[in-house]
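**Q**
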Amino acid sequence: MSIDDDVALLERVPTLRLLGTAALRMLAIGSEQRDFSPGDYLFNAGDDADAGYIVQRGSFRVEDGGAEVVAGPGALIGELALIVAMKRPSSAVALDHSSVIRVSRSLFQRVLESDPGAARRLRDELATRTSQLASDILMAGAKLSI
Numbered sequence: 001m002s003i004d005d006d007v008a009l010l011e012r013v014p015t016l017r018l019l020g021t022a023a024l025r026m027l028a029i030g031s032e033q034r035d036f037s038p039g040d041y042l043f044n045a046g047d048d049a050d051a052g053y054i055v056q057r058g059s060f061r062v063e064d065g066g067a068e069v070v071a072g073p074g075a076l077i078g079e080l081a082l083i084v085a086m087k088r089p090s091s092a093v094a095l096d097h098s099s100v101i102r103v104s105r106s107l108f109q110r111v112l113e114s115d116p117g118a119a120r121r122l123r124d125e126l127a128t129r130t131s132q133l134a135s136d137i138l139m140a141g142a143k144l145s146i
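Take a look at the structure:
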C-alpha cells in the first residue's frame, strides 16, 4: 500500500480522523505494516502495550476474558496504548491472512507534540467520551438501585 492508501485507511478510524490530514500523513510515514497468518497472535493479554494497530485487511478476534470482539478493516485495536503505558488487557489473534498498520506510542506522541491543534481535538474527544461514560455509569447505577 502507498502512503496515500495508508492515510485513507487512517481517515476511516474515528479517533484518528480527528487529527487531520497532516498528522495522519506523519503517522502513515512513520508507521510500519505487519502481516499475520491465521492463528498468529497480534499480542497477548499481559504484554506491554506500546502501540495501536489499524487493521488493513483480514480480521482479528480480540478476547478479554469472556468478552470477544471481531475487528476488521479500519478498526483500531489497542487505542489506549497510543496514549498511556500499560499492560494489554486482552489478546488478539488473526482469523485469516491479515495485515495491520502498527503505530507506536512514541510516534503518536511526537505527532501530537508537533500539531497542538490535533492534540486539542483528541483531548476534547476523550473528554467527551469520559463524560458520556460517567453519565452512563450513573444512569446504570440509578436503574440498579430501583
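All residue numbers for the sequence shown refer to my numbering, where the first residue is 1 and numbers rise by one.
The beta carbon of each residue, even a glycine, is placed where N, CA and C say it ideally should be.
Alpha carbon to alpha carbon, how far is Asp6 from Glu32?
**A** Taking the straight line from one Cα to the other gives about 10 angstroms.
**Q** Closest to Phe36 by C-alpha separation, out of Tyr53, Asp96 and Thr128, would be which residue?
**A** Among Tyr53, Asp96 and Thr128, the Cα nearest to that of Phe36 is on Asp96.
**Q** Considering just the uninterrupted stretch of the beta strand (DSSP E) at Val104, what are its terminal residues?
**A** Per the sequence presented here, residue 104 reads as Ser, with Val not at that position. Ser98 to Ser104 is the extent of the beta strand (DSSP E) around Ser104.
**Q** In three-state terms, what does DSSP make of Leu82?
**A** Reduced to three states, the DSSP call for Leu82 is helix.
**Q** Do Leu16 and Leu164 come within 8 angstroms of each other at the CB atom, strictly closer than that value?
**A** Missing from the structure shown is residue 164; the chain here goes from 1 to 146 and no further.
**Q** Just to confirm before moving on: does the CB-CB distance between Ile77 and Ala85 stay below 8 angstroms?
**A** It is not a contact, given that the beta carbons lie outside the stated cut-off.
**Q** For Val55, which residues does DSSP report across the bridge?
**A** Its beta-bridge partners are Val100.
**Q** If I'm right that Val62 touches Ser90 with Cβ under 8 angstroms, what's the distance once you round it to whole angstroms?
**A** Confirmed, Cβ separation roughly 5 angstroms.
**Q** In its own chain, which residues sit with a C-beta less than 7 angstroms from the C-beta of Leu24, not counting the 5 before and 5 after it?
**A** These residues qualify, in order along the chain: Val7, Leu10, Glu11 and Leu16.
**Q** Quick check on the DSSP output: the beta strand (DSSP E) that includes Leu5 runs from which residue to which?
**A** The residue you asked about is not Leu; residue 5 is Asp in the sequence shown. It is not in any beta strand (DSSP E) - Asp5 instead sits in the alpha helix (DSSP H) that spans Ile3 to Glu11.
**Q** Please classify Arg120 as buried or exposed, where buried requires at least 16 other C-beta atoms within 10 Å of its C-beta.
**A** Classification for Arg120: exposed.
**Q** Can you check whether the CB of Tyr41 is closer than 8 angstroms to the CB of Ala92?
**A** The answer is yes: Cβ separation under 8 angstroms.
**Q** Can you give me the Cβ contacts of Arg34 inside the same chain, cut-off strictly under 6 angstroms, excluding the 5 residues immediately before and after it?
**A** Once the five neighbours on either side are set aside, the close Cβ partners of Arg34 are Val100 and Arg102.
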